[in-house]
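S.K.: If you read the protein sequences in the order shown, they are chains B and U. Heads up: the first sequence runs through residues 228 to 345, numbered per this note's numbering. Heads up: the second sequence runs through residues 41 to 154, numbered per this note's numbering. Backbone N, C-alpha and C fix where the C-beta goes; we use that ideal spot for every residue, glycine too. Take this structure first; my questions come after.
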Amino acid sequence: DVKVTQSSRYLVKRTGEKVFLECVQDMDHENMFWYRQDPGLGLRLIYFSYDVKMKEKGDIPEGYSVSREKKERFSLILESASTNQTSMYLCASSLRRLRKAYSNQPQHFGDGTRLSIL
Amino acid sequence: KQEVTQIPAALSVPEGENLVLNCSFTDSAIYNLQWFRQDPGKGLTSLLLIQSSQREQTSGRLNASLDKSSGRSTLYIAASQPGDSATYLCAAEGVSYNFNKFYFGSGTKLNVKP
Chain B
228 DVKVTQSSRY LVKRTGEKVF LECVQDMDHE NMFWYRQDPG LGLRLIYFSY
278 DVKMKEKGDI PEGYSVSREK KERFSLILES ASTNQTSMYL CASSLRRLRK
328 AYSNQPQHFG DGTRLSIL
Chain U
41 KQEVTQIPAA LSVPEGENLV LNCSFTDSAI YNLQWFRQDP GKGLTSLLLI
91 QSSQREQTSG RLNASLDKSS GRSTLYIAAS QPGDSATYLC AAEGVSYNFN
141 KFYFGSGTKL NVKP
């Protein structure tokens with residue numbers, strides 16, 4: 228069975244700390260994504276990666292960075308955590324589409340990390 | 041830019057009722073349309089995926105349809121049960137340059153009353 232694993236379900240950090248959120252997938256997917264989900268705002272894309280060492284900004288990249296040193300692992304980094312980064316963070320992965328090939332393969336999500344910044 | 045809208049935002053029905061959740065999108069150039077379920081405090085679980093060339097997909101009591109020309113998808117749940125209570129999200133997958141990009145609706149929160 229396919230699996231996207233996020234390292235922590237719950238995390239509490241302090242303002243100004245550097246925070247690392249880890250995500251690992253075992254499906255050999257090229258694409259990996261980080262979203263945050265807030266009440267009333269839905270899912271918003273922070274960053275995504277379409278290959279090792281490749282990354283692209285999503286809709287809300289400010290205050291975040293990412294790292295993809297290995298295909299299976301995608302890390303989200305909060306450089307200096309602030310209270311407005313308290314949120315649910317969701318990692319996802321998918322196959323890269325080659326034209327319409329693999330368009331029947333879904334995006335898979337981890338269980339999420341509930342991050343609180345105090 | 042693709043925009044995905046889900047109506048209604050919340051729905052409460054008695055157990056056993058058949059129901060329809062709606063999803064609309066503004067750009068018909070999509071690879072597929074995916075429906076997810078999200079339980080409180082959890083991640084998203086994929087329910088059904090309809091490729092752009094397909095009209096519908098079925099899994100058990102769930103049936104999803106896709107009409108690209110009108111920019112609409114529906115998720116039909118037959119004989120609803122309390123265990124179906126969750127938030128349901130739809131996502132349209134498109135391509136931006138060489139990347140896959142997913143556009144999510146804000147979800148419909150379903151409550152099925154025993």
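For glutamine 74 of chain U, return the contacting residues in chain B, with the cut-off set at a CB-CB distance below 8 Å.
M.R.: For the purposes of this step, residue 74 of chain U is identified with residue 34 of the second sequence, where counting begins at 1. Under the 8 Å cutoff, chain B gives Pro333 and Gln334.
S.K.: Less than 8 Å separating the beta-carbons of serine 314 of chain B and arginine 236 of chain B?
M.R.: Taking the first residue of the first sequence as position 1, residue 314 of chain B is located at position 87. Taking the first residue of the first sequence as position 1, residue 236 of chain B is located at position 9. In this structure, arginine 236 of chain B does not lie closer than 8 Å to serine 314 of chain B by Cβ.
S.K.: According to DSSP, simplified to helix, strand and coil, what is glutamine 97 of chain U?
M.R.: Position 57 of the second sequence, counting from 1, holds the residue named residue 97 of chain U. It is a strand residue.
S.K.: So phenylalanine 144 of chain U contacts chain B; which residues on that side make the cut at Cβ distance below 7 Å?
M.R.: Reading the second sequence from its first residue, position 104 is the one you call residue 144 of chain U. Neighbours of phenylalanine 144 of chain U on chain B, chain order: Gly269 and Leu270.
S.K.: Let me see if you follow: with CB-CB separation under 8 Å, is arginine 323 of chain B close to chain U or not?
M.R.: Taking the first sequence and counting its residues from 1, one reaches residue 323 of chain B at position 96. Chain U, which has a Cβ nearer than 8 Å to the Cβ of arginine 323 of chain B, makes this yes.
S.K.: When you check each C-beta in the region 237-271 of chain B against every C-beta of chain U, which residues fall closer than 7 Å?
M.R.: Cβ contacts with chain U come from Asn258, Gly269 and Leu270.
S.K.: Looking at chain B, is there any beta carbon in it that lies within less than 8 Å of the beta carbon of leucine 84 of chain U?
M.R.: Counting from 1 along the second sequence, the entry for residue 84 of chain U is found at position 44. It does; some Cβ of chain B falls within 8 Å.
S.K.: Could you check what DSSP says for aspartate 265 of chain B in three-state terms: helix, strand or coil?
M.R.: As a position in the first sequence, residue 265 of chain B is number 38, starting the count at 1. Aspartate 265 of chain B falls in the strand class under three-state DSSP.
S.K.: Going by the beta-carbon positions, is the gap between glycine 147 of chain U and glutamine 46 of chain U smaller than 8 Å?
M.R.: Here residue 147 of chain U is taken as the residue at index 107 of the second sequence, counted from 1. Here residue 46 of chain U is taken as the residue at index 6 of the second sequence, counted from 1. It is a contact, given that the beta carbons lie within the stated cut-off.
S.K.: Which chain U residues are close to leucine 317 of chain B, counting only those with a beta carbon under 8 Å from its beta carbon?
M.R.: Residue mapping note: residue 317 of chain B aligns to position 90 of the first sequence, counting from 1. Here the neighbours are Gly83 and Leu84.
S.K.: Specify the secondary structure class of proline 122 of chain U as computed by DSSP and reduced to three states.
M.R.: Indexing the second sequence from 1 puts residue 122 of chain U at position 82. In this structure, proline 122 of chain U counts as helix in the three-state DSSP scheme.
S.K.: At 9 Å on the CB atoms, spell out the chain U contacts of arginine 341 of chain B, in chain order.
M.R.: Within the first sequence, residue 341 of chain B is the residue found at index 114, counting from 1. Under the 9 Å cutoff, chain U gives Gly81.
S.K.: In this structure, how does DSSP classify glutamine 312 of chain B when only helix, strand and coil are distinguished?
M.R.: Here the question's residue 312 of chain B lines up with position 85 in the first sequence. Helix.
S.K.: For valine 53 of chain U, collect the residues of the same chain with a Cβ closer than 8 Å to its Cβ; drop the 5 residues on either side in sequence, then sort them by chain order.
M.R.: Residue mapping note: residue 53 of chain U aligns to position 13 of the second sequence, counting from 1. Answer for valine 53 of chain U: Leu59, Ser120, Leu150, Asn151, Val152 and Lys153, listed in chain order.
S.K.: Can you list, in chain order, the residues of the region 287-306 of chain B whose Cβ is nearer than 7 Å to any Cβ on chain U?
M.R.: Residues passing the 7 Å Cβ filter: none.
S.K.: Which chain B residues sit within Cβ distance under 7 Å of glycine 111 of chain U?
M.R.: Taking the second sequence and counting its residues from 1, one reaches residue 111 of chain U at position 71. Correct list: empty, because the minimum Cβ distance to chain B is about 18 Å.
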